[in-house]
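Counting in this note's numbering, the final residue of the sequence shown is number 53, and the numbers go up one at a time with none missing. Where is the CB? At the ideal position from N, CA and C, for every residue including glycine. No experiment lies behind these values; they were computed from the predicted model shown. What follows is a set of notes on a single structure, which appears directly below.
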Amino acid sequence: MVRFINKFTGTEMWVAEERVEEYKAAGHKYAPTPAPLTPVSKPKKAPAKKTKK
Numbered sequence: 001m002v003r004f005i006n007k008f009t010g011t012e013m014w015v016a017e018e019r020v021e022e023y024k025a026a027g028h029k030y031a032p033t034p035a036p037l038t039p040v041s042k043p044k045k046a047p048a049k050k051t052k053k
């Protein structure tokens, strides 16, 4: 399946690979590939303050 942007609605649609040329001829555009997700590092927690008893 190939991702396209519908030229009428601007929404994403999925097209079977054997029909790609048909949709390109109709004026629909390939959807840009999303950027790969990068893991977000979690902030380090400060050590808990100890109190004297």
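Under DSSP, R3 shares a beta bridge with W14.
Looking at the DSSP output, Y30 sits in a beta bridge with F4. Of P34, Y30, K45, the smallest CA-CA separation from F4 is found for Y30.
Shown here, V40 sits in coil according to DSSP, grouped into three states, outside any helix or strand. In the three-state DSSP reduction, K24 falls in the helix class (H, G or I).
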